[in-house]
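Down below is the structure, laid out as structure tokens.
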Amino acid sequence: MAQITHGVSTGKKATSISTPVVAASGVHFVVGTAPVQMVGGKVNEVIMAQNYAEAVQQLGYSDDWKKYSLCEEIYSAFQLYKTSPVFMVNVLDPTKHKTAVSPKSMTPEENQILLPLETIADTIKVTGKEAGTDFDTFYNDDNCVIEFLGETPQTEAVEVGYSVVDPSQIDKDDIIGGYSVATHKTTGLELIDSCFPKYTTVPDIILCPNWSHDQEVAAVMAAKAENINGLFEAVAILDVDTTEETGATHYSKVPEWKKKKNFMKEMEIVCFPKVALGSRVFNLSTQLAGSMSATDNEEDLGGGTPCESASNKSLQADRMVVASGEEVTQDLQNANYLNENGVVTALNFYNGFVSWGNYTACYPANTDPADYFYCINRMFRWVAKTTILSYWSYVDRKLTRRLIDAILQGVNDWLNGLTADEKILGGRVEMNENENTTTALMAGHVKFHVYLTPPSPLQQLEFVLEYDLSYLEALMAA
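Given below as structure tokens:
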């Protein structure tokens, strides 16, 4: 028997225009080394941290950034620039990268023996003592500590042997990583493809502190920046090698070094020199990445987009240095010379220490502003990522005029909003007939053409001064 409807009923129809899924901007992906022996941290797995405490809990922390490069990122991103989230991959494996220390006699002080922070706790052997029964181990900020148990304090010397992690065993192959057929595991930079499947967030800034000056590491960073998950893109921030032996210690040597290393791609941003704050020395890439993220997400600047350049924005620094620690002093002319050769630098001029330069590494060879201005370059990549995420759910729906119109209107409304917020000067999407052949439509392939003009950075203000004789007439006025 048919159901009788008597009265008033309602229904709901899906909104024809969907709200865009706005992609995050200024998200770091960093590969390096961390003191994971302190916390039993993971090796060659993507770790997401939202704050300093989370990062330290998962990876450990040490101020020795030459040994533990991820700690520089942890301090800079979370303590100085309040960046979140950050994806990190530690390649230091305590089970592999270690060195045994021969047993030696050690005398406890206040019932404790202090060992180096690099000590791997579960390798400690105390002659005549049993771990967990006679002694326990823990880490403080600077040491691995053996603490003796029992009511009677340990005052006599004991033989102690142990192994230490050895970050010097890490080489560029560990940073680059790859895929092992034998273990079916991915390592190093290749793990960037794991971020989105695992966390549904795509990084757009790639860093390798202490390693990005290496030509092979930089090449892989650029390759990954060009193709993440086969869909997304990022930028790779690289550092110039400022060591005396093989690097460029003076600004005039940097362009030649850059060309020799083939740091010439539009997805690369090259930095010179290092910067320092108090006793801490930073790779400029690390601080630039923090400044870019802060600029992207400052409501009055990027407003959640990479439309604003981080050039002439504050760095957390009080001087510039090279690898030896020697201080670098450069004026505006030196800094502009570096900019003219596609290098971002630092400048201490009128408003304190700032990053200085808007160009990617492809400048001046590439004259397309969508490639050489890094803010425009990043804006194109961000728009591409946002459209992919927003309309992925439309894939495999039946291809109808209504569906096409919904996509066109949705993207155009979003671009109009960006224009109204002055994040772009203008933008539109079209489905052009000459780009959509009948055979392509039969195959379910539709091409949408997005026209986009992000604002260029205001690089130069020129004021022309002229002596105006007409104002002398005031002297003759009655």
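Using my numbering, read the sequence shown as starting at 1229 and increasing by one per residue.
Ideal Cβ positions, reconstructed from N, Cα and C, are used throughout, including at glycine.
Since we're looking at a predicted model, the values are computed, not measured.
Query                                                                                                                                                                                  : Result
Secondary structure at F1424, three-state DSSP: helix, strand or coil?                                                                                                                 : helix
With DSSP as the reference, please indicate the residues paired to M1316 in a beta bridge.                                                                                             : V1258, I1275
By alpha-carbon positions, which one of T1414, E1418, I1348, V1386 ends up nearest to V1392?                                                                                           : I1348
Going by DSSP in three states, K1452 sits in which element: helix, strand or coil?                                                                                                     : helix
Counting C-beta neighbours from all protein chains within 10 Å, is the total for S1290 16 or more, i.e. buried, or is it exposed?                                                      : buried
Mapping DSSP to helix, strand and coil, what is Q1558?                                                                                                                                 : coil
So for T1533, helix, strand or coil by DSSP?                                                                                                                                           : coil
Flag this pair as yes or no: are the beta carbons of A1462 and I1433 separated by less than 8 Å?                                                                                       : yes
Alpha helix (DSSP H) containing L1287: first to last residue?                                                                                                                          : 1280-1287
Ignore the nearest five residues each way along the sequence and tell me which others in G1531's own chain have a CB closer than 7 Å to its CB.                                        : D1649, K1651
Please report the Cβ distance between P1437 and V1255, rounded to the nearest whole angstrom; I am assuming they are in contact, meaning their Cβ atoms lie under 8 Å.                 : Not a contact, Cβ separation roughly 17 Å.
Spatial neighbours of F1257 within its chain, please: C-beta separation below 6 Å, excluding the five flanking residues on both sides.                                                 : F1315, I1420, P1431, I1434
Identify whether R1625 lies in helix, strand or coil by the three-state DSSP scheme.                                                                                                   : coil
Run the CB neighbour count on N1490, radius 10 Å, all protein chains shown included, and call it buried at 16 or more, exposed below.                                                  : exposed
Any idea what DSSP makes of M1495, helix, strand or coil?                                                                                                                              : coil
Just verifying my parser: in three-state terms, what is the DSSP assignment at N1664?                                                                                                  : coil
Tell whether a beta-carbon distance below 8 Å holds between A1464 and A1450.                                                                                                           : yes
Evaluate the contact criterion for the segment 1667-1684 versus the segment 1575-1584: three or more CB pairs, one atom per stretch, below 8 Å.                                        : no
Per the DSSP calculation, W1584 is bridged to which residue(s)?                                                                                                                        : T1573
Beta-carbon within less than 6 Å of E1346's beta-carbon, same chain only, minus the 5 sequence neighbours each way: which residues are those?                                          : V1392, V1393
In the DSSP output, what is N1548 paired with across the bridge?                                                                                                                       : Residue identity differs from the one stated: residue 1548 is Met in this sequence, not Asn. Beta-bridge pairing links M1548 to V1503, V1556.
Check each candidate in E1568, P1331, C1423, S1312 and name the one with the smallest Cα separation from E1273.                                                                        : C1423
Would P1683 pass as a contact of C1499 if the rule is Cβ separation under 8 Å?                                                                                                         : no
Using a Cβ distance threshold of 8 Å, determine whether the segment 1383-1391 contacts the segment 1348-1364, with at least three qualifying pairs required.                           : yes
Name the DSSP beta bridge partners of A1333, please?                                                                                                                                   : The question names Ala, but residue 1333 is Ser in the sequence shown. The partner list for S1333 (beta bridge, DSSP) reads E1387.
Report the partner residues of C1372 according to the DSSP bridge assignment.                                                                                                          : L1343, Y1367
Please list the terminal residues of the continuous alpha helix (DSSP H) segment that includes V1463.                                                                                  : From DSSP, V1463 is part of no alpha helix (DSSP H) but of the beta strand (DSSP E) over 1463-1467.
Considering only the alpha carbon of each residue, which of D1633, R1630, V1271, A1504 lies closest to G1416?                                                                          : V1271
Which stretch, first to last residue, makes up the beta strand (DSSP E) that contains T1595?                                                                                           : No beta strand (DSSP E) contains T1595, which DSSP labels as neither H nor E.
In the DSSP assignment, what are the bridge partners of S1542?                                                                                                                         : V1582
Would N1525 pass as a contact of V1582 if the rule is Cβ separation under 8 Å?                                                                                                         : no
Give every residue of the same chain whose Cβ lies closer than 7 Å to the Cβ of P1685, excluding the five residues on either side of it in the sequence, and list them in chain order. : S1537, S1539, N1586, F1601, C1603
Pull up the distance between the alpha-carbon of L1505 and that of L1543, whole angstroms please.                                                                                      : 10 Å
Have a look at S1507, V1409, L1529, S1519 and flag the residue whose alpha-carbon is nearest the alpha-carbon of V1549.                                                                : S1507
Determine the DSSP secondary structure at T1351, reduced to helix, strand or coil.                                                                                                     : helix
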